[in-house]
Structures are given as structure tokens and as C-alpha cells.
Amino acid sequence: MVDGLPGNKIFKQLKKIKMKKIVHPKRDLSFDTGAYSDAILTDGFLFVSGQASVDFETSEFKLGTIEEETQRTLENIKAIIEAAGGTMDNVVKCTVHLSDISEFDRYNKVYASFFKNTKPARITVQSVLAENLKVEIDCIAKIPTLK
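Numbering-wise, the sequence shown is residues 1 to 147 according to full-length UniProt numbering.
Dropping the structure here:
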């Protein structure tokens, strides 16, 4: 029992949560992402999975400088957020993984250019990234609902 509710009642409440899968608008539909979605929209919140420097039309990673990879990564995030009906101004939280934390200042200059108003909360850490990528970013955005 949790908070006075039997477990099966909680499970039934969770089953009622409405979730909508959001796909990058240029995604090659034959490109299999595996066990995750580009993003999930639920209760006005958009949860964007970790994005990287990917050309969604060709399903290929595009390696480059930290600036180039950050630019493409954030453009991919922007496209996903716009597909959900939002803008980059709706981003409230980002988690950033850099393969080399010494490139923070160069990455941060590009990152900051995507957020004109209130900057989202953020954590940036050094991580070992797949495919020799330099940056991966996930985020949460609050998408306005139409009334």
C-alpha cells in the first residue's frame, strides 16, 4: 500500500496517463532508434531524449568540432520541440554530456545562443560518449496548452 492506496489502484491511475510520442520531423522512418523515443509529451511536459549531432535525413552521426556538434545537437532539439508545439524558450532543464570538459567554454558559447530569454536549469558533466561524439544533450520543456 502506498499513501493509503492499494497498489492496483495506483497502477490503474498510472495507466490513465496520456503520453504522445514526438518524432524529429526529418527522421528517416526506417531509422530504428532502439528502445527510446525522440521525445514524449505528457501533461504539458516534453521529455526529449539525449540528442547528438545526427543528420536525421540520412541517420548518420556528423562528427566535427565541439561548436559544430553543439549547433547540430541543439538544432535537432529545437526541431523536436517545435514538432511538439513549443519553442526553445519553453525549455526548463537540460542535462549535457561533454566528452572533454576542457571544451566547456567553446560549447557554452554555442549553447547560450539558443536561449535568448530565461536560461534553463542545467547540469554539464564529462562522459564517455558513443560513436566518438563530443556532446549529447537531453532536456525537459513545458509546452503551452491551447485553451
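Glycine is no exception: its CB is placed at the ideal position from the N, C-alpha and C atoms.
What you are looking at is a predicted structure, and each value in this text was computed from that prediction instead of being measured.
Would you mind working out which of the options sits nearest residue i, comparing C-alpha positions?
| i | options | result |
| --- | --- | --- |
| Thr33 | Asn117, Lys119 and Ser49 | Ser49 |
| Ser30 | Ser59, Tyr36, Gln51 and Met19 | Ser59 |
| Lys26 | Asp43, Gln71 and Lys78 | Lys78 |
Which residue or residues does DSSP assign as beta-bridge partners of residue i?
| i | result |
| --- | --- |
| Thr124 | Val96 |
| Asp138 | Thr95 |
| Lys21 | Ile40 |
| Phe47 | Ile40 and Ile140 |
| Asp55 | Glu60 |
Do residue i and residue j have their CB atoms nearer than 7 Å?
| i | j | result |
| --- | --- | --- |
| Ile22 | Asp38 | yes |
| Tyr107 | Ile66 | yes |
| Thr95 | Asp28 | no |
| Thr73 | Ser53 | yes |
| Leu129 | Ser99 | yes |
| Ala84 | Leu133 | no |
| Glu69 | Val125 | no |
Note down the Cα distance separating residue i from residue j, rounded to an integer number of angstroms.
| i | j | result |
| --- | --- | --- |
| Leu46 | Ala141 | 5 Å |
| Phe115 | Lys93 | 12 Å |
| Pro144 | Asn117 | 16 Å |
| Lys20 | Phe104 | 34 Å |
| Ala121 | His24 | 23 Å |
| Lys119 | Lys109 | 13 Å |
| Met1 | His97 | Any reading at Met1 must be qualified, since the residue scores a pLDDT of 46, below 50, and its modelled position is unreliable; the value itself is stated next. Their Cα atoms are separated by approximately 38 Å. |
| Asn90 | Ile123 | 17 Å |
| Ser113 | Ala35 | 31 Å |
| residue 211 | Ile80 | There is no way to answer for residue 211, as the model of the chain reaches only from 1 to 147. |
| Lys147 | Glu82 | Residue confidence is low: Lys147 scores 49 on pLDDT, short of 50, so the model does not pin down where it sits. Its coordinate-derived value is still stated next. Between Lys147 and Glu82, the C-alpha separation is close to 18 Å. |
| Ser127 | Gln51 | 14 Å |
| Gln71 | Glu131 | 17 Å |
Quick check: does the Cβ of residue i come within less than 6 Å of any heavy atom belonging to the ligand NAP?
| i | result |
| --- | --- |
| Ile66 | This structure does not include the ligand NAP; it has no bound ligands of any sort. |
Could you round the C-beta distance between residue i and residue j to whole angstroms and report it? I think they count as a contact, below 8 Å.
| i | j | result |
| --- | --- | --- |
| Phe56 | Asn76 | 7 Å |
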